[in-house]
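Below: one structure, written as structure tokens.
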Amino acid sequence: MPDLEQFRADTRSWLEENCPETMRQPMMDESDMVGGGRKPTFKHPDQKLWMERMAAKGWTVPTWPKQYGGGGLDKHEAKILREEMSSLQCRAPLQGMGISMLGPALLEYGSEAQKLQHLPKIANGDIWWCQGYSEPGAGSDLASLQTKAEEKDDYFLVNGSKVWTSGADKADWIFCLVRTDNSGSKHHGISFLLFDMTSPGVSVKPILLISGRSPFCETFFDDVKVPKENLMGEQDKGWSIAKYLLTHEREMISGFGRGASKKFCETAVEAIGLEHGRLADPVLRNDIAKLELNILAFAKTMERVGDETKSGKGLGAASSIFKYYGTELNKTRCELMIDVNGEQAMGWEGDNYAGGHFSRTWLRSKGNSIEGGTSEVQLNIIAKRVLGL
Amino acid sequence: MPDLEQFRADTRSWLEENCPETMRQPMMDESDMVGGGRKPTFKHPDQKLWMERMAAKGWTVPTWPKQYGGGGLDKHEAKILREEMSSLQCRAPLQGMGISMLGPALLEYGSEAQKLQHLPKIANGDIWWCQGYSEPGAGSDLASLQTKAEEKDDYFLVNGSKVWTSGADKADWIFCLVRTDNSGSKHHGISFLLFDMTSPGVSVKPILLISGRSPFCETFFDDVKVPKENLMGEQDKGWSIAKYLLTHEREMISGFGRGASKKFCETAVEAIGLEHGRLADPVLRNDIAKLELNILAFAKTMERVGDETKSGKGLGAASSIFKYYGTELNKTRCELMIDVNGEQAMGWEGDNYAGGHFSRTWLRSKGNSIEGGTSEVQLNIIAKRVLGL
Amino acid sequence: MPLVLNEEQEMLKSSAAGFLAEKAPVSALRKLRDDRDAAGFSRALWEEMSEMGWAGIAIPEAYGGLEYGYVGLGLILEEMGRQLSVSPLQSSVMVGASLINIGGSEAHKRTLLPAVAEGKLLITLALQEGLHHAPEKTALKAIASGDNFILTGKKVLVMDAHVADKIVVAARTSGNAGDAEGISLFLLDAKTEGLSRERVIMVDSRNSGNVVLDNVSVSKADLIGDLNGGMAILEQVLDIANACLSAELLGLSLQAYEATIEYLKQRSQFGVLIGSFQALQHRAADMFAELELCKSMVLASLQAIDNGEDNVSLMAAATKAKLCEVAERVTNEAVQMHGGIGMTDEFDMGFYMKRARVAQQTFGGYSYQLDRFASLNGF
Amino acid sequence: MPLVLNEEQEMLKSSAAGFLAEKAPVSALRKLRDDRDAAGFSRALWEEMSEMGWAGIAIPEAYGGLEYGYVGLGLILEEMGRQLSVSPLQSSVMVGASLINIGGSEAHKRTLLPAVAEGKLLITLALQEGLHHAPEKTALKAIASGDNFILTGKKVLVMDAHVADKIVVAARTSGNAGDAEGISLFLLDAKTEGLSRERVIMVDSRNSGNVVLDNVSVSKADLIGDLNGGMAILEQVLDIANACLSAELLGLSLQAYEATIEYLKQRSQFGVLIGSFQALQHRAADMFAELELCKSMVLASLQAIDNGEDNVSLMAAATKAKLCEVAERVTNEAVQMHGGIGMTDEFDMGFYMKRARVAQQTFGGYSYQLDRFASLNGF
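Residue numbers (my numbering), protein chains in the order written: chain Z, 462 to 850; chain V, 462 to 850; chain R, 157 to 535; chain P, 157 to 535.
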């Protein structure tokens, strides 16, 4: 495939020329992520530069069609781009619910008008999206949602509230599950609406987490008018879109288990030292060895599923474990990170404790196995759908 | 308490005089246990001597009343006898279902005639008893038993079969749960019968276990006539006796976790050796440390529950964990015993492998968490009765 | 001694429970945190506690204490664990007074212990230097100079460093970091020249801090115990501290666990109470078993200390290891079983998880204690 | 290389599955055991397997093999694990042929490998001396005497010792037990004078045995590899053996697991299928996840061997450790979930548990491999 080799060479040289040096450093935490939006915040001017250069090539969303602001790459080209970015340690130029969640759903379920309206703005980082799924008291039982959308002349009148809305206090638009019919089973009568967060009647209240940060909000809708053309997919049949997106979300969250640039055991050796060639803490050594082994085995499993899919075998049953296993693995990793870093990990703020980097990351990880479908729900799904129990 | 001190001194000197040297060695396995019965087998003549001497004092069943062949000791005296036997490493002179299971139930539920008929023979080792509880296909759901006892003139006509009857091929009598009424709830209509295993219509087939031994049998009843005076307790209300005995049984089985004369870690050090002062296998060391810690904590918990009971606080909720925790602990111990003994533990027979002592003990331990109420049933019981879930 | 509380101890426990639930519940900790309180605990409350005798609970009667032993102190700490109550009981009574009582001269005891028992003097220990608890690795140098020693170096995780009146500093007077021999204990006034203290805001919102010594001069008279013989004293004190912290961990674990069981009985999902899900039931039942083991170990190790048994170190290591394991599991499960609400700061469960990890790590966490337990068992 | 089987490999796997289910199911192992069969395996079956090329599956074409690589051998072993089929594939192909192919001279290869590939020659390895796998602790002495060496000592857990034609003996020619240097490999005829073999009836009813050497004389020409350089060869062979045994463990674990899931769908208790109990469902689902990880690791490590990657040792250690952990858990859970019937000899599940433990221990079990994995990772 000489074309692909050429593509690789071109990509590499373009990245080397265009990706600023500062954008080749590992991200430290959420504040290094770029989300775009109407009132974007950039910690460093290079973030803006890097986002705009990539958006201009369509490479913020490399596989989307060009007419919607994407790069139009096929899967082989996209893989090469990923590999070259990874080898140069280029940061993701733009992230968020628009790219990872709504975009794919729009491509699958949206009308042509909706695609043309929303996709290019997502690709360029013009609009920041949030997701209105969970409701107070509903928890894992998502389909029991109660936010009501009454059909009026040319709009829906939306009343109710959402919780765990990620980044709602910064978002410009929301994609939202609402109830348009209450008469049938709970999976019927759900609809999928898109609307502007500046619409009258929308209000937002951040939720303070145990990590001391507020990535999520409560969001309230009080007589919000949503034009009918903002309905995505069929009315009352939004549950299929919801399920599609839940699967997407789980695959994203399961990725928490991956991606540390330095091996965990190297950090442990630095912090604890060796004794007779082995980590000086013999009990912790065992736990770290098990963790490293499971990180390796999990990575090999993601690789295998990827390769099986590529070779036309479809997405095997193994993919059903990703959300569950990946998040549990990440929680274990964070507990051990606390143990390894000891006194440093006990700090909550102050420069000597990197603002509580370790403790806050550890606390945040506890939510991984709750958000996007709890571990218990994942195990139920494996038992029922895969094992047939 | 000067009387108790005197009792201790007397007991000790009597034991020193009367317990043969061979009966002060640890038992190697089940074949060293003495069960008595009509056709008793003694591996060593001292076993017979020791049993008879102890029976003569009533000390095979120290706390039973003297008129039923017991020693008539109060709980303080019984504790002293236990302690002195333990300090001299005296073996139990007589063991079996008669002493541990039926005897206590007879004392609680039996008629005076039944007590006088059966208890002295149990205390003297004249009759070997077995227990007819589980049935094929019933498993943990004991109360769904189907063995039928039809009421006739002066007898019950018993038909059906039992499984997991411990030692039925050697037993002289059986205590047996049968169904005398099928019309109500499954817990109603169960009766508790005692009968002779030589009754016409009783047949027995040993079950070969994965350990290569046959401690259990299938037992078949084909028109067995049981005299009505052999009914213990009220007709149709035998379930309360059954429950009483199940609790007893669980306490017995939970004892598997105790009682190794040598600490496990000492065996491990002999087999594996030390390196820089620590067990040379660093991974196994961790697992053994966890095991030793849990053995210690479990022993302390049994001690605590015992002390709470003695101080009049009644049998606390903690006792509900004994069967579950004790058997799971013993399974862990046996798995580690295999790891520690390596090649020796892989043998199945032959003198070099002590007849497969390690491998067979390990395999046998797997049944601990199944017999007498599975671990799952125990957890259900804790969740429902103790936690109120 | 039977493994059961006597009547006096039962009464102490229930009166502590009542007092703390009223005066020092989790909401009090939350307020201290949100106000960024300067002391980090309520001095008025500490006065009340001291009046009830808590500050002297484990101090001999001869030195103004109640002499209720460490079983008594453990009972109070267990109840403080349930409420996450903050006070200098850990720094000054569990550790400070124990240090003086075990290692101090008769003069030290007479001058210091009555004041501690009255709650008027706070003594703390400055021990840890690196990321992890490792007393024998003490490296902070104390160099002899005439009748004095000159100390220079830094200590971390010093409980109540910023409010203590006296600080016992472990320093190396001979040998090298890693040697058990050659460590000495010096009693310093917190206001000594050259000693500076930095309060650190910890994940558990408590009051550990750092102590920096810059050419601090101490007299030989302020040695606690023999020169170079500090390790033997430290070992005894650390055994006490770990058994007592285990009692605190027991209390907080029981509270987190019981709150979770209650939640399982109230919260519905998919139309049924989540407590009816068997997978949760089995996890809850297994944790119940583990907590029963914890109760036995805590009481057994505190009794072993009070009875002066010869297996105190082994029992303390075993107990702390067990409590670290179970507290970590129970607080994690408590958040998981509560779901989203367990992740919010508004809900109290996060405080339990945070305090658990700090109490676990203080004076050696799971890996340290399990290793020590194995070594003490000879393997 | 993608982490997926190619078409040829898929075909090999399914044909092996069909053949073994028909010709060598668990009942065949049961019969061999109950008959106390002298060979311990069916020679007729081994002939059939050899005719299909299995005995030469990993042997280069140049020496009469199929050269399908260790991925090929692993696929067959996985299916043999499912059926618990007995044959000398482990002793003579997985280990014996690998030893000759890696360490042997051109002459060794030409004379020995074609015969192994035809199934007519059985070569095994005599390595372990103590309770545990520890190749560097080889102590059995080989003392130079003219052009010969004199070997005296005992080896245990020698696979197919009693039926092997040739035995490769690891012996110490310099240094001390514990040194990696100084071990040499000697190819002995099984009928050599002074060599005696004792078959041991193992818990898995297979054919390991002991080999005793009493002043056995071997020529220098029978060295496999360099004098004192045996360890480097052994390491490569042991990596192969552990990856392959992991494939066998994978097969038996999958079979035990799938049978258990089927049982959960058929067995009723308390009026409902036990598969409807959520606690069992969650344990089953978690094991499903672990088994998926096992599949990936087995394939990845076998591919690493075939590709000559430089992380083979790390992958083999990781894979064997993972498979030991999961096979132990799955076979234990299989018996527990089957309840009483799982404990009976009449039912097959016990055979899976027994074979699992022997395959786990062979060439190093969980603790050995996890330690090795950590050391290879530098900690």
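Backbone N, C-alpha and C fix where the C-beta goes; we use that ideal spot for every residue, glycine too.
Within 10 angstroms of its Cβ, does residue i collect 16 or more other Cβ (buried), or is it exposed?
i, result
"R:F433", "buried"
"Z:L606", "buried"
"Z:D742", "buried"
"V:M489", "exposed"
"R:I357", "buried"
"V:Q486", "exposed"
"Z:F503", "exposed"
"P:R266", "exposed"
"V:N813", "exposed"
Could you tell me whether any Cβ in chain R is nearer than 7 Å to the Cβ of residue i?
i, result
"P:F519", "no"
"V:D768", "yes"
"V:A721", "Annotation note: pLDDT 46 at V:A721 (below 50); position unreliable, coordinate value reported separately. No, V:A721 does not count as interfacial toward chain R."
"P:Q492", "no"
"Z:W525", "no"
Can you round the beta-carbon distance between residue i and residue j to whole angstroms, since I take them to be within the 8 Å contact cut?
i, j, result
"P:I380", "P:G260", "5 Å"
"P:K322", "P:L344", "7 Å"
"V:F656", "V:L563", "Actually they do not touch by this definition, with Cβ atoms about 12 Å apart."
"V:G586", "V:M484", "Not really, about 14 Å apart at Cβ, beyond 8 Å."
Would you please verify whether the beta carbon of residue i is less than 7 Å from any beta carbon of chain Z?
i, result
"P:V482", "no"
"V:V801", "no"
"R:D321", "no"
"P:M453", "yes"
"R:H288", "yes"
"V:P415", "The structure shown does not extend to residue 415 of chain V, since chain V spans only 462 to 850, so no value can be given for it."
Rounded to a whole number of angstroms, what is the C-alpha to C-alpha distance between residue i and residue j?
i, j, result
"V:G775", "V:E769", "7 Å"
"R:S375", "R:S254", "22 Å"
"R:I461", "R:I396", "7 Å"
"Z:G519", "Z:I583", "11 Å"
"R:A473", "P:V368", "47 Å"
"R:T348", "R:G496", "49 Å"
"V:L603", "V:E596", "8 Å"
"P:S469", "P:S531", "11 Å"
Counting contacts by CB-CB distance shorter than 7 Å, is residue i in contact with chain P?
i, result
"Z:G718", "Its pLDDT being 39, under 50, Z:G718 is placed unreliably in this model, and the value from its coordinates should be taken loosely. For Z:G718, the answer is no, since every Cβ of chain P falls outside 7 Å of its Cβ."
"V:L638", "no"
"Z:A539", "no"
"Z:R846", "no"
Is the shortest distance between the beta-carbon of residue i and the beta-carbons of chain V less than 7 Å?
i, result
"P:V314", "no"
"P:D191", "no"
Can you pull the DSSP bridge partners for residue i?
i, result
"Z:R640", "Z:K609 and Z:I651"
"V:F617", "V:E612 and V:V687"
"Z:C726", "Per DSSP, none; premise fails for Z:C726."
"Z:G699", "DSSP lists no partner for Z:G699."
"V:Q592", "V:F636"
"R:I323", "R:T280 and R:L344"
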